[in-house]
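For reference, the structure discussed in these notes is given below.
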Amino acid sequence: MSERILVIKLAALGDVVQAFTPFAAIRAHHPGAHITLLTTAPFAPLLRRAPWFDEIWDDGRPDWSDLRAVARLAWRLRRAGFGRVYDLQTSSRSSRYRWFTGRAAWSGVESHHRVNPNRNALHTLERQREQLAIAGIRDFPPPALDWLDDPLADFNLPPCFVLLVPGASPGRPGKRWPVARFAELAMRLQAPPVVLGGPAEAPLAAEILRARPDGLDLTGRTSLAQIGALARRAAAAIGNDTGPTHLAAAAGCPTLTVFGGDSDPALAAPRGPVSAWVRQVPLSALTVEQVLAKLATLKRPA
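When you read off a place in the sequence shown, starting at 1, and then add 13, the result is the number in my numbering.
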């Protein structure tokens with residue numbers, strides 16, 4: 014009987030994307046194991062396409078006040094008989110799930126802190142690599158992302174375009190470069206912009222396209238897999254520190270992320286084959302000239 018392994022990654026999109034390399038490393042280290050991912054509903058459809066998991070559970074974050082839902086998850090975890098758990102969420106919530114998994118070997122925040130009390134000073138990717146190295150995983154093959162694709166024919170894309178990601182978490186307005194700067198940037202790009210985001214970012218897209226009418230508004234219209242497909246075809250991507258920007262970078266698009274004081278690029282900058290960041294505190298003081306100068310240094314590999 015194959016070993017049963019649980020991987021925990023609940024949210025958010027940028028964090029899920031930065032776990033692609035650890036996901037691939039876990040699968041490579043346990044090629045014959047039955048690996049289950051515990052996640053949440055927004056990310057399950059995307060990750061069911063990935064080659065790293067045999068099973069996806071999307072009920073990983075029940076409200077603590079919903080005792081029946083918590084009990085269902087606890088029973089499901091206990092009954093599954095996992096022999097090993099890789100907690101890549103490393104939150105107070107996911108750490109509590111150790112109570113539910115019995116005697117499974119657990120790789121998580123506590124075991125990592127014992128070896129490196131300064132783990133929180135590491136970038137997310139380095140922190141996850143070190144956590145897995147402590148658990149015996151030291152080989153980190155580049156994750157295959159050919160599955161990160163969906164048809165784009167309905168979008169009538171221009172032959173050359175640049176992705177713009179002007180939104181961010183509603184609870185983190187300080188992570189947003191002013192939309193007026195995105196609009197000014199759009200006017201100065203050599204290729205038309207394609208604006209990404211959720212439905213709530215539609216007003217931002219409208220302002221950008223008033224400045225650059227040959228652009229395209231895809232806010233609220235793309236699947237996560239389509240964002241990956243767009244990123245592979247785009248000349249570049251410029252965005253705030255938010256999930257779609259992380260996804261564009263991981264997919265190989267030359268990606269520039271803008272940072273202010275609300276997040277630290279040394280800890281959380283998107284990573285990819287061709288990625289960079291520029292930071293100004295306050296973020297509103299970041300100029301279009303600074304962004305264009307940094308963007309000019311990014312080149313897609315031949």
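Glycine included, each C-beta is placed from N, C-alpha and C at the ideal position.
Tell me, please, which residues DSSP counts as bridged to residue i.
i	result
Asp230	Val208
Ile21	Leu51 and Asp100
Under 8 Å by Cβ, that's how I've got residue i and residue j pegged, so tell me the actual separation to the nearest angstrom.
i	j	result
Asp162	Ala248	Contact flag wrong, Cβ pair sits at about 18 Å.
Arg40	Ile48	6 Å
Gly233	Val207	At roughly 13 Å, the Cβ-Cβ gap does not stay under 8 Å, so Gly233 and Val207 are not in contact.
Ala242	Leu165	6 Å
If you follow the beta strand (DSSP E) that residue i is part of, which residue opens it and which one closes it?
i	result
Thr310	Counting along the chain, Thr310 falls outside any beta strand (DSSP E), and DSSP gives it neither H nor E.
Trp290	Ser288 to Arg292
Ala249	Ala249 to Asn253
Leu50	His47 to Leu51
Trp70	Glu68 to Trp70
When you compare the CB of residue i with every CB in chain B, is at least one pair closer than 8 Å?
i	result
His125	The displayed structure is made up of one protein chain only, and chain B is not part of it.
Whose C-alpha, out of the options, is nearest the C-alpha of residue i?
i	options	result
Glu16	Leu311, Gly96, Phe195 and Arg81	Gly96
Ala289	Ile251, Leu80 and Ala37	Ile251
Ala256	Ile21, Ala25, Val271 and Val20	The sequence shown places Gly at residue 256, not Ala. Checked all of Ile21, Ala25, Val271 and Val20; the closest Cα to Gly256 is Ala25.
Tyr110	Ala166, Arg62 and Ala84	Ala84
Asp275	Leu243, His259, Asp254 and Ala262	Asp254
Leu51	Gln31, Ala242 and Gln102	Gln102
Ala57	Lys312, Phe66, Asp71 and Ile48	Asp71
Ser107	Val128, Arg74, Ala93 and Arg116	Arg74
Pro216	Ala196, Gly273 and Thr258	Ala196
Ala87	Phe272, Trp112, Cys173 and Ala37	Trp112
Using a 10 Å radius around the Cβ and a threshold of 16 neighbouring Cβ atoms, would you call residue i buried or exposed?
i	result
Ala279	exposed
Lys312	exposed
Ser120	buried
Provide the residue span of the alpha helix (DSSP H) that contains residue i, from first to last.
i	result
Asp28	Leu26 to Gln31
Phe195	Val192 to Arg201
Ile240	Leu237 to Arg246
Ser120	That residue, Ser120, is in no alpha helix (DSSP H); its beta strand (DSSP E) goes Ala118 to Ser120.
Leu86	Leu80 to Ala93
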